[in-house]
Amino acid sequence: IANSPPSSQTAIDALPRLTLPMAARLQNFPDDWEFVGGKTAQYRQIGNALPPAVSRHVGRSIVCALNKVEVSATKPKQLELFSADVA
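In structure tokens, the structure reads:
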């Protein structure tokens, strides 16, 4: 985990180290979500968390199952995290 975001001096061919806000955003946490403790504790909270969007969908699926409501399952589109096309 980095202390600051990558700068313009960061090598393009190297993967940047993530800051805590970057890691939280990758886990789908809102930007105003507050984590407590030191840097390591916050990193663990983010890394061990079930992302809020996943929790929401799991909860909705449980409610639908309990109410015997059909859930439409659509396959999500796979997005590329990194691309060789750098502008």
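Under our numbering, the very last position in the sequence shown is 80; numbers go up by exactly one each time.
Even for Gly, the Cβ is constructed at its ideal location relative to N, Cα and C.
Cα atoms of Q38 and E73: separation of roughly 25 Å, rounded to the nearest angstrom.
In the three-state reduction of the DSSP assignment, N41 falls in the helix class. Assigned with DSSP and collapsed to three states, P14 falls in helix. The three-state reading of DSSP puts K32 in helix, counting H, G and I together. Contact between V64 and S54 is confirmed by a C-beta separation of about 6 Å, below the 8 Å threshold. With contacts defined as CB atoms closer than 8 Å, W26 and A16 fail to qualify as a contacting pair.
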